[in-house]
Amino acid sequence: MITTTKEILDSIEEPLFEDPKALLESERHLTRESFFFEGTNGKGVLLAHGWTSTPYEVRRLGKFLNVRGYTVYGLLLKGHGTEPSDLEDVNWTDWVEDMERGYEKLKVNCDKVYVAGTSIGAALTLILARKISEISGIILMATPYKMRMEKMMNLFARVFLLVGKRYYKKFYPPSFGSSGMVTRLVSYQTFPVKSVLDAIRTTREARKDTHLITQPCLIMQSTHDHIVTADSLECIYGKISSKVKIKKYIEKAYHTFVADINNEHVFDDILSFLEKN
Numbered sequence: 018m019i020t021t022t023k024e025i026l027d028s029i030e031e032p033l034f035e036d037p038k039a040l041l042e043s044e045r046h047l048t049r050e051s052f053f054f055e056g057t058n059g060k061g062v063l064l065a066h067g068w069t070s071t072p073y074e075v076r077r078l079g080k081f082l083n084v085r086g087y088t089v090y091g092l093l094l095k096g097h098g099t100e101p102s103d104l105e106d107v108n109w110t111d112w113v114e115d116m117e118r119g120y121e122k123l124k125v126n127c128d129k130v131y132v133a134g135t136s137i138g139a140a141l142t143l144i145l146a147r148k149i150s151e152i153s154g155i156i157l158m159a160t161p162y163k164m165r166m167e168k169m170m171n172l173f174a175r176v177f178l179l180v181g182k183r184y185y186k187k188f189y190p191p192s193f194g195s196s197g198m199v200t201r202l203v204s205y206q207t208f209p210v211k212s213v214l215d216a217i218r219t220t221r222e223a224r225k226d227t228h229l230i231t232q233p234c235l236i237m238q239s240t241h242d243h244i245v246t247a248d249s250l251e252c253i254y255g256k257i258s259s260k261v262k263i264k265k266y267i268e269k270a271y272h273t274f275v276a277d278i279n280n281e282h283v284f285d286d287i288l289s290f291l292e293k294n
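Under my numbering, the residue at position 215 of the sequence shown is numbered 232, and the numbers go up by one with no gaps.
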């Protein structure tokens, strides 16, 4: 019988997580599509991935929670999982609508629905929680509530568009573990400059009226996040009105720590939060 977190994670056979460089062609379809795992405890969890990435970066978390009885839906945000050019026709409001549909999908058969997101997915989680008070709890990972060089990114994007530069190559820092490699393999390697503005707009919308958020909230951020400012977590913690709010810092990790096989304790913290709320 599988009981411990390590045993559960070891039982999840995902080649990209076992060896990030061993992305087999036969498994590539898993990295570009949504997933839905039926549970047994009447509780559902909506998982939202990051900008330019895919649900695969939260798939392992989804399987872990499913083994524990949760129904899990890892949605694919519009414009993702196909070609970078598809992001050009997407507006940030499309992503919010994706989240709303994901919540409704789980609500059909689940008595309680939680929402968890990483990066832009976390920003979208904040927006959704503000709109739907019935959400049972939210989990925010690497939330770009405050981004490093946000104003500069916004300015550069607008200048690039003015001079006709429509695409830009992604930058990835060295990684402490597998998360950087996982995200790099499943994400777009280039992105439409126009989509940068949608990502920034999403974060700005997430910052609005955060005092209206009252659901139990778990906020997680790495100590070496190269995208989010060091005080972003504290800002969220101080502004939301949740009676139950927990903050966790993840050591020796970068932005996409949820995809790192070295961070099993992250899954423990998430499960503990769900079980108590």
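Note that CB positions come from ideal geometry on N, CA and C, so glycine has one too.
- Here Phe53 is not near Arg76, since their CB atoms are 7 angstroms or more apart.
- A direct Cα-to-Cα measurement between Lys293 and Ser102 gives close to 42 angstroms.
- In the DSSP assignment, Ser136 falls outside any beta strand (DSSP E), carrying neither H nor E.
- The beta carbon of Asp286 lies closer than 6 angstroms to those of Lys265 in the same chain, with the five residues before and after it left out.
- Your pair Ser259 and Gln232 checks out as a contact, with CB atoms roughly 6 angstroms apart and the cut at 8 angstroms.
- Burial state of Asn126 is exposed, judged by a 10 Å Cβ sphere holding fewer than 16 other Cβ atoms.
- In the displayed model, Pro72 falls within a helix according to three-state DSSP.
- With a cut-off of 8 angstroms on Cβ pairs, the segment 217–225 is in contact with the segment 139–149, counting three or more such pairs.
- Relative to Leu229, the option among Tyr205, Phe208, Ala146 whose CA is nearest is Ala146.
- Taking C-alpha positions only, Ser249 is separated from Thr57 by approximately 36 angstroms.
- Contact fails between the segment 81–88 and the segment 202–219, because fewer than three Cβ pairs, one in each stretch, are under 8 angstroms apart.
- His46 is classed as exposed because its beta carbon has fewer than 16 other beta carbons within 10 Å across all chains shown.
- In the DSSP assignment, Lys163 falls outside any alpha helix (DSSP H), carrying neither H nor E.
- Ranked by how close their Cα comes to the Cα of Thr69, the residues Ile156, Gln206, Leu157 have Gln206 in first place.
- At a Cβ-Cβ threshold of 7 angstroms, Tyr162 and Ile244 do not count as neighbours.
- Thr135 and Thr273 do touch by the CB rule: their CB atoms are close to 7 angstroms apart, below 8 angstroms.
- Spanning the alpha carbons of Gly91 and Ala276 requires a straight line of approximately 14 angstroms.
- Taking all protein chains shown into account, Glu74 has 16 or more neighbouring C-beta atoms within 10 Å of its C-beta and is therefore buried.
- In this structure Ile156 touches Tyr131 by the C-beta definition: roughly 7 angstroms separates them, less than 8 angstroms.
- The beta-carbon separation of Gly98 and Arg49, rounded to 4 angstroms, stays under the 8 angstroms limit for a contact.
- Measuring C-alpha to C-alpha distances from Ser289 to each of His241, Thr240, Met164, Cys234 identifies Cys234 as the nearest.
- Taking 7 angstroms as the cut-off, the Cβ atoms of Ala133 and Leu202 do not count as close.
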